[in-house]
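Trainee: The listed protein sequences derive, respectively, from chains A and B. Quick note on this note's numbering: the first sequence kicks off at 1 and runs consecutively. Quick note on this note's numbering: the second sequence kicks off at 1 and runs consecutively. Below is the structure I would like to discuss, written out as structure tokens.
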Amino acid sequence: MKTLEYFEVVSTEPAGGELYRRIASTVITDHDLLRVLSRLRIYIDPEIPIFVAAGHTRSVPRNVIVRDFAGITYDGDKVVLSIADETYLAPLLQLLWERFGKDRILQPDRFTIEMHLEGHESEGLEEMVVADPTEGLFKDLIYTMQVICPEGFKVKKQSFQDGKFWFVASENTLPEDVMPLVDEQFSIMGVSV
Amino acid sequence: MILVPITYKGGVYRHDEILDLIEDMGGYIIQKHMIAQEVVLQALIPKDDIETLRQISRPLTGEVIFAPLVGTEIAIVSMSLEIHHLPHASCDVAEYLRAAGAKTNMVGLARGFGKRIGLLSDEERDVINEHDLAIYLFGNFETCIKQKMPTFRRGVHTPIIVTGGPSTDALRRIIDPPVAGYVGGLGRFMHRTKEAPELAKLDDILNEVSRVLDSRRAEIAKDPLSISPARLMDVILEKLPDIHDVTSPVPVVVQMDGVRVKLPYDPFAMQLKDIEVDSGVPISSVGDIRPSRMRDYILVKIKPFSETSLMV
């Protein structure tokens, strides 16, 4: 996997580790995460047993706000949203319905939303957060790690923050604080914790 | 008369002549697949007649291939039916053995994963025991295979072939007492087997299965069965009309020492017991008829000659 800056799969059983490297590379390619991941290190010790995956994503996409995909025009109390990208239309409508009520939101055609709002209500409308792309990314990443991880490792803990993620799994109960295990992998990778 | 297992591949055109020929030779058709314009037959035919079949099928562009596993039912035991184990490697192995003529059944364990938490239920154990051979598809770590093996072999008397990520020597070293066969270097993987080294591994499994089954055949030959399973299948197909209403592609599965009849036990077992394989010889006198743990099927295990003093 040349596109990753760093990719290591290490195990206390080197032969098994090598086979898991192949599994990890297949799964990451199948789940189309090559462009997302930049660094990944997996450590497996079947004796304990423990599976630790630690890594970095390339660039975390920021939250999608109204102004990213819609133009807003104000005409007195009438606010018109012209939608440029339909991808986020459904979540936007949900948010507007929740905030202002269904009866005040009109959609004369696919790409236009009309609302009658009082002065203070339209404040901050352009900056309203509609979607968080990292949510889907996090789910995809963790699902990928679950598929790579041996199936018997049913006890799991995971985290994703600021483009840095880790996934720890075991067949037995995990220690309450798994951070020393995770930090060890990050420091081998050369990433400051 | 020595019967040899073969696969016949040819066109639909005039294939009925081949069917008649095999029957006239005294052979048995175990399975017949019609795939579009192609017919694939798994059959047992007399050894001396292979050349005759080849000659007669030549104008029909038919192909006769030796298929060592025809007439065997093999359990492919997958540690679970999750994406971790399916479709690769379980389906790849099953498909490869099927091409060699075996009737393979995938046994997906409910809780087979994990080295400490892996379990084999009594139903799973009984289903495995109904087969001629079981192939255990283990994972990539020696530690796990070593620890879980005792749990998975408890109560299983069918010969076991173990496959896993570690080398064949490593498998042989960690499994004690030994099992019937080992194929290393084929553990858990998530891609389709299409590269030459991977196909060679599947060939290794095929060779190991053939070796184990040959030794089983030699064992059976020391005290031969009272009736050949293929002949018993033929009798059942002829004398039990309800079997033709079964929609399964193989309503009577031939095993090495018996047959699995895919009819419900309660309504049909008595009827089956009374069918005569020869004048005055009912099936019940040459075989044990019992309910199968697989669905509601009937399992007939043929008794050896030493028990019945009969040879049909």
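C-beta atoms are modelled at their ideal positions from N, C-alpha and C, and glycine is treated no differently.
With contact counted as at least three CB pairs below 8 Å, one residue from each stretch, are the stretch 61-80 of chain A and the stretch 41-53 of chain A in contact?
Mentor: Output reads no: the stretch 41-53 of chain A does not touch the stretch 61-80 of chain A.
Trainee: How about Gly108/B: is its C-beta nearer than 8 Å to some C-beta of chain A?
Mentor: No, its Cβ sits nowhere closer than 8 Å to a Cβ of chain A.
Trainee: Return the Cβ separation of Leu186/B and Thr163/B in integer angstroms, given the expectation that the two are a contact with Cβ distance under 8 Å.
Mentor: Right, the Cβ-Cβ distance comes to about 5 Å (below 8 Å), so this counts as a contact.
Trainee: What first and last residue would you give for the alpha helix (DSSP H) that runs through Pro229/B?
Mentor: Element bounds for Pro229/B: Pro229 to Lys239.
Trainee: Between Pro267/B and Val259/B, what straight-line distance do the alpha-carbon atoms span, to the nearest angstrom?
Mentor: Cα-Cα distance, rounded: 18 Å.
Trainee: Have a look at Ala180/B and Ile160/B and give me their C-alpha separation to the nearest angstrom.
Mentor: Looking at the two C-alpha atoms, the distance is approximately 5 Å.
Trainee: Could you tell me whether the stretch 74-93 of chain B touches the stretch 43-55 of chain B, using the rule of 3 or more Cβ pairs below 8 Å?
Mentor: No, the stretch 74-93 of chain B is not in contact with the stretch 43-55 of chain B.
Trainee: Am I right that Gly287/B and Val300/B are in contact with their C-beta atoms under 8 Å? What's the rounded C-beta distance?
Mentor: With a Cβ gap of about 5 Å, Gly287/B and Val300/B count as contacting.
Trainee: Would you kindly check if the distance between the Cβ of His56/A and the Cβ of Lys164/A is under 8 Å?
Mentor: Yes.
Trainee: Could you tell me whether the Cβ atoms of Asp234/B and Tyr28/B are closer together than 8 Å?
Mentor: Their beta carbons are under 8 Å apart, which means Asp234/B touches Tyr28/B by this criterion.
Trainee: Which word fits Arg39/A, buried or exposed, when buried means at least 16 other C-beta atoms lie within 10 angstroms of its C-beta?
Mentor: Arg39/A comes out buried.
Trainee: Could you check which residue in Ile56/B, Lys148/B, Tyr182/B and Gly71/B has the C-alpha nearest to that of Val212/B?
Mentor: Residue Tyr182/B is the option with its Cα nearest to Val212/B.
Trainee: Which partner residues does Leu41/B have in the DSSP bridge list?
Mentor: Paired residue(s): Tyr8/B and Lys32/B.
Trainee: Can you name, in chain order, every residue of its own chain whose Cβ lies under 6 Å from the Cβ of Val40/B, other than the five neighbours on each side?
Mentor: Counting only Cβ-Cβ distances below 6 Å, and skipping sequence neighbours, we find Lys9 and His33.
Trainee: Who are the neighbours of Pro314/B on chain A, taking C-beta pairs under 7 Å?
Mentor: Because residue 314/B is not part of the residues shown, which for chain B are 1 to 312, the question remains open.
Trainee: Report all residues from its chain with a CB closer than 6 Å to the CB of Arg14/B; omit the five preceding and five following residues, and keep chain order.
Mentor: If we look at Arg14/B and ignore the five residues flanking it on each side, its Cβ neighbours are Leu60.
Trainee: Expressed to the nearest angstrom, what Euclidean distance is found between the alpha-carbon atoms of Ser80/B and Ala43/B?
Mentor: Distance between the alpha carbons of Ser80/B and Ala43/B: 33 Å.
Trainee: With which residues is Ala70/A paired in a DSSP beta bridge?
Mentor: According to DSSP, which records beta bridges pairwise, Ala70/A is partnered with Ile83/A.
Trainee: Between which residues of its own chain and Phe152/B is the CB-CB distance below 6 Å, once the five residues before and five after are set aside?
Mentor: Excluding sequence neighbours, Phe152/B sits near Leu120.
Trainee: Going along chain B in order, which residues have a C-beta closer than 7 Å to the C-beta of Arg22/A?
Mentor: Simply Phe189.
Trainee: Please determine if the stretch 268-276 of chain B and the stretch 85-96 of chain B are in contact, where contact requires at least 3 C-beta pairs separated by less than 8 Å.
Mentor: At 8 Å Cβ cutoff, the stretches do not touch.
Trainee: Under three-state DSSP, which class holds Phe113/B?
Mentor: In this structure, Phe113/B counts as coil in the three-state DSSP scheme.
Trainee: Which stretch, first to last residue, makes up the alpha helix (DSSP H) that contains Tyr143/A?
Mentor: Start and end: Pro133 to Ile148.
Trainee: Closer than 8 Å, CB to CB, is Arg295/B near chain A or not?
Mentor: Answer no: the Cβ-Cβ gap between Arg295/B and chain A never drops below 8 Å.
Trainee: Listing by chain order, which chain B residues have their CB less than 9 Å from the CB of Glu126/A?
Mentor: Residues of chain B passing the Cβ test: none, with the nearest at roughly 43 Å.
Trainee: Could you tell me which whole alpha helix (DSSP H) segments of length 4 or greater appear in the stretch 151-201 of chain B?
Mentor: For the stretch 151-201 of chain B, whole alpha helix (DSSP H) runs of length 4 or above, ordered along the chain, are 168-174.
Trainee: Along the stretch 121-152 of chain B, what residues have a CB closer than 8 Å to any CB found in chain A?
Mentor: The stretch 121-152 of chain B vs chain A, Cβ under 8 Å: Gly139, Asn140, Phe141, Glu142, Thr143 and Cys144.
Trainee: Using a C-beta cutoff of 8 Å, does Lys115/B count as contacting chain A?
Mentor: Judged by the 8 Å Cβ criterion, Lys115/B is in contact with chain A.
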